[in-house]
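For the sequence shown, the residue numbers in the numbering used here are 3 to 192.
For each residue, glycine too, the CB sits at the ideal point set by N, CA and C.
Input: a single structure, listed below in structure tokens.
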Amino acid sequence: MELLKQRILTDGKALNSDVLLVDSFINHQIDPPLMQAIGDEFARLFKDQGITHIVTIESSGIAPALMAAIAMDVPMVIMKKSISSILSEELHQTPVYSFTKGTTYQLTLKSQFIKKGDRVLFIDDFLANGEAALGAARVIEMAGATVAGMGIVIEKAFQPGRERLIQAGYAPISLARISYMEAGVVEFEP
Numbered sequence: 003m004e005l006l007k008q009r010i011l012t013d014g015k016a017l018n019s020d021v022l023l024v025d026s027f028i029n030h031q032i033d034p035p036l037m038q039a040i041g042d043e044f045a046r047l048f049k050d051q052g053i054t055h056i057v058t059i060e061s062s063g064i065a066p067a068l069m070a071a072i073a074m075d076v077p078m079v080i081m082k083k084s085i086s087s088i089l090s091e092e093l094h095q096t097p098v099y100s101f102t103k104g105t106t107y108q109l110t111l112k113s114q115f116i117k118k119g120d121r122v123l124f125i126d127d128f129l130a131n132g133e134a135a136l137g138a139a140r141v142i143e144m145a146g147a148t149v150a151g152m153g154i155v156i157e158k159a160f161q162p163g164r165e166r167l168i169q170a171g172y173a174p175i176s177l178a179r180i181s182y183m184e185a186g187v188v189e190f191e192p
């Protein structure tokens with residue numbers, strides 16, 4: 003998606019080979035027109051998959067997932083990263099290791115929101131090592147639903163996430179695939 007790539011180049015900040023700051027337009031401050039374009043693009047890419055729900059993980063995936071849900075006219079469900087005292091009903095959970103934070107959290111979904119027979123589109127802001135996407139897929143499948151698609155806003159293609167997802171039987175579609183990154187430099191896959 004050319005609009006997204008241009009925004010990464012003009013407003014993103016590669017701090018090193020691992021960290022790309024997009025907090026001025028994706029995950030701290032949100033650019034609504036850009037998010038709408040991202041949601042519309044996911045809706046176009048997954049329009050023939052029979053999607054019944056869109057799922058994301060709190061919190062950075064919420065904006066693109068919500069815009070895609072609006073464009074596809076389906077509910078959006080947010081998986082939680084922590085246990086809450088008000089989540090007392092039946093839950094689906096799996097541990098997920100966060101490389102960014104260096105900790106493991108319990109990815110949690112209330113069972114009432116995703117059911118057997120649902121066809122789910124998982125959307126996330128970044129794909130790097132694939133831990134979050136694989137965890138989300140496990141939880142979706144625990145609920146008896148099908149992962150009908152995976153939409154990624156930005157992929158660090160030089161990290162193993164895509165390969166891990168493909169080996170697990172998923173086919174992620176990324177709007178911007180970064181092939182190389184270092185301080186001040188971002189290069190995209192052709």
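Residue i: which of the options sits nearest, CA to CA?
i, options, result
"Ser62", "Ser26, Glu92, Leu11 and Phe115", "Ser26"
"Ser176", "Ile32, Phe190, Gly186 and Met69", "Phe190"
"Leu109", "Glu133, Ala67, Val24 and Lys49", "Glu133"
"Pro97", "Lys83, Glu91 and Glu143", "Lys83"
"Met144", "Arg121, Pro192, Gln95 and Glu4", "Gln95"
"Ala70", "Ile56, Ile80, Val79 and Met81", "Ile56"
"Val188", "Leu167, Tyr172 and Glu157", "Glu157"
"Phe78", "Val122, Lys118 and Tyr99", "One point to set straight first is that residue 78 is Met, not Phe, in the sequence displayed. That would be Val122, whose Cα lies nearest to the Cα of Met78."
"Val76", "Asp120, Met183, Leu22 and Glu91", "Asp120"
"Lys112", "His30, Leu17 and Ile85", "Ile85"
"Pro34", "Arg46, Gly153 and Ala65", "Ala65"
"Ser181", "Thr58, Arg164, Glu60 and Thr12", "Arg164"
"Tyr107", "Met81, Phe44 and Phe115", "Met81"
"Phe101", "Glu91, Leu93 and Phe128", "Phe128"
"Gln51", "Gly151, Pro174 and Leu6", "Gly151"
"Ala67", "Gly41, Leu47 and Thr54", "Gly41"
"Leu36", "Met3, Val21 and Lys49", "Met3"
Taking only three categories from DSSP, how would you classify residue i?
i, result
"Glu4", "helix"
"Glu191", "coil"
"Ser113", "coil"
"Ser84", "coil"
Tell me the residue span of the beta strand (DSSP E) that contains residue i.
i, result
"Ser100", "Leu93 to Ser100"
"Lys103", "Taken as a continuous stretch (DSSP letters only), Lys103 belongs to no beta strand (DSSP E), as it is neither H nor E."
"Val76", "Careful: Val76 lies outside any beta strand (DSSP E) and carries neither H nor E."
My assumption, with CB atoms under 8 Å, is that residue i sits in contact with residue j. Please give the rounded CB distance.
i, j, result
"Val141", "Tyr172", "Their Cβ separation, rounded to whole angstroms, is 14 Å, which puts Val141 and Tyr172 out of contact at 8 Å."
"Ala139", "Gln161", "Actually they are not in contact, since the Cβ atoms of Ala139 and Gln161 sit about 18 Å apart, beyond 8 Å."
"Ala45", "Met74", "5 Å"
"Thr58", "Ile125", "5 Å"
"Ala159", "Lys117", "With a Cβ gap of about 34 Å, Ala159 and Lys117 do not count as contacting."
"Ile32", "Val155", "Not a contact, Cβ separation roughly 12 Å."
"Ala135", "Asn18", "Rounded, the Cβ-Cβ distance is 23 Å, inconsistent with contact."
"Gly14", "Leu23", "6 Å"
query = Taking only runs of the alpha helix (DSSP H) that begin and end inside the stretch 9-73, which ones reach a length of at least 4 residues, in chain order?
reply = 34-47
key: Within the stretch 124-177, ranges of the alpha helix (DSSP H) (whole runs, at least 4 residues)   = 133-144 and 163-169
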